[in-house]
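There are 2 protein chains.
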Amino acid sequence: MALPARTDAGIYFIGVIRTPWRRRRDCPKRGSLDGPLCSVVVDEHWRAGLSGLAGRRRIQVLYWMHLARRDLVLQVPSGAGTTSGTFALRSPVRPNPIASAIVALVEIDGATLRVRGLDCLDGTPLLDLKPEFAPEPSA
Amino acid sequence: MALPARTDAGIYFIGVIRTPWRRRRDCPKRGSLDGPLCSVVVDEHWRAGLSGLAGRRRIQVLYWMHLARRDLVLQVPSGAGTTSGTFALRSPVRPNPIASAIVALVEIDGATLRVRGLDCLDGTPLLDLKPEFAPEPSA
Chain A
12 MALPARTDAG IYFIGVIRTP WRRRRDCPKR GSLDGPLCSV VVDEHWRAGL SGLAGRRRIQ
72 VLYWMHLARR DLVLQVPSGA GTTSGTFALR SPVRPNPIAS AIVALVEIDG ATLRVRGLDC
132 LDGTPLLDLK PEFAPEPSA
Chain B
12 MALPARTDAG IYFIGVIRTP WRRRRDCPKR GSLDGPLCSV VVDEHWRAGL SGLAGRRRIQ
72 VLYWMHLARR DLVLQVPSGA GTTSGTFALR SPVRPNPIAS AIVALVEIDG ATLRVRGLDC
132 LDGTPLLDLK PEFAPEPSA
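In the order they appear, the protein sequences are chains A and B.
Just so you know, the numbering used here puts the end of the first sequence at 150, numbered straight through with nothing missing.
Just so you know, the numbering used here puts the end of the second sequence at 150, numbered straight through with nothing missing.
Shown next as structure tokens:
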């Protein structure tokens with residue numbers, strides 16, 4: 012299908028994700044909390060935003076699937092054999108290729124987080140980090 | 012802090028979210044799966060992408076917090092009293108104001124999903140819908 016002539020908002024790449032997977036076909040279908048150690052490297056510009064994140068067991072990572080097509084509303088996932096709507100799949104192929112993963116936070120070393128649970132290519136741009144749940148309101 | 016001079020990628024608004032909350036101060040801190048019914052209205056252009064989503068109990072909704080500041084790496088959440096890094100909070104204020112919620116899917120009526128679990132302003136732009144989990148591989 013045709014993509015709209017223009018986008019509606021812009022996003023910043025705030026860092027980069029380092030994983031063992033160099034080719035798309037090597038990436039796991041889905042991350043696992045006991046998968047290999049990956050690094051989330053936050054740009055120096057945004058580093059102060061990590062303050063208070065240490066000690067969280069799980070965090071949510073949003074990243075940009077920069078090699079994925081954006082023009083398919085229907086697709087046949089590999090191994091499935093049947094056509095499905097894009098929004099019924101977690102495939103990277105989607106109008107806005109924003110991936111979301113809950114990962115286990117192993118440690119924070121400066122502006123680098125070591126995590127388990129990612130599924131993406133080495134070099135994937137980072138969009139956001141959030142705690143898995145909002146902090147409890149203080150009493 | 013200063014935002015970078017330019018963004019790195021563009022996103023499409025693929026629909027709009029209808030909620031009972033018309034002012035930011037009325038929004039709940041966090042959505043609840045037994046919260047009020049909200050509507051996620053997918054643009055006609057992308058509607059075919061919903062195929063196969065019916066029957067899912069929970070889906071992930073990504074949306075764009077269009078009124079939020081993007082230039083704070085440190086903030087004092089209301090009610091907290093202490094400064095925290097942006098990435099240690101789920102506040103809408105962040106470099107890329109992409110919110111993520113797991114919602115209960117009540118029904119799909121054409122290109123409109125009725126869901127419970129959102130927390131955002133009426134009129135919030137929609138970015139993506141995904142099933143909560145990837146479909147099981149077919150045998």
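We put the CB at the ideal spot given by N, CA and C, even for glycine.
Item: Residues near residue 149 of chain B by beta carbon distance below 6 Å, same chain, minus five either side; Value: Here the model assigns residue 149 of chain B a pLDDT of 47, short of 50, so the residue's position is not dependable and the matter cannot be decided.
Item: Interface flag, residue 21 of chain A vs chain E, CB-CB below 7 Å; Value: Here chain E cannot be found, since the structure's protein chains are A and B.
Item: Inter-residue Cα distance where the pair is residue 12 of chain A and residue 85 of chain A; Value: 9 Å
Item: Under 9 Å by beta carbon: chain B residues contacting residue 136 of chain A; Value: 19 and 20
Item: Beta-carbon proximity check, residue 138 of chain A vs residue 32 of chain A, cutoff 7 Å; Value: no
Item: Simplified DSSP state of residue 127 of chain A, which is helix, strand or coil; Value: strand
Item: Contacts that residue 116 of chain A makes with chain B (C-beta to C-beta distance below 7 Å); Value: Neighbours of residue 116 of chain A on chain B: none; closest Cβ ~11 Å, over 7 Å.
Item: Near-chain B residues of the region 25–39 of chain A (beta-carbon distance less than 8 Å), N- to C-terminal order; Value: 25
Item: For residue 115 of chain B, three-class secondary structure by DSSP; Value: strand
Item: Neighbour list for residue 62 of chain B in chain A, Cβ cutoff strictly below 7 Å; Value: 85, 95, 96 and 99
Item: Contacting positions in the region 58–82 of chain A - beta carbon closer than 7 Å to chain B; Value: 59, 60, 61, 62, 63, 64, 71, 73 and 75
Item: Whole-number beta carbon distance between residue 73 of chain A and residue 125 of chain A, since they are thought to touch under 8 Å; Value: Not a contact, Cβ separation roughly 18 Å.
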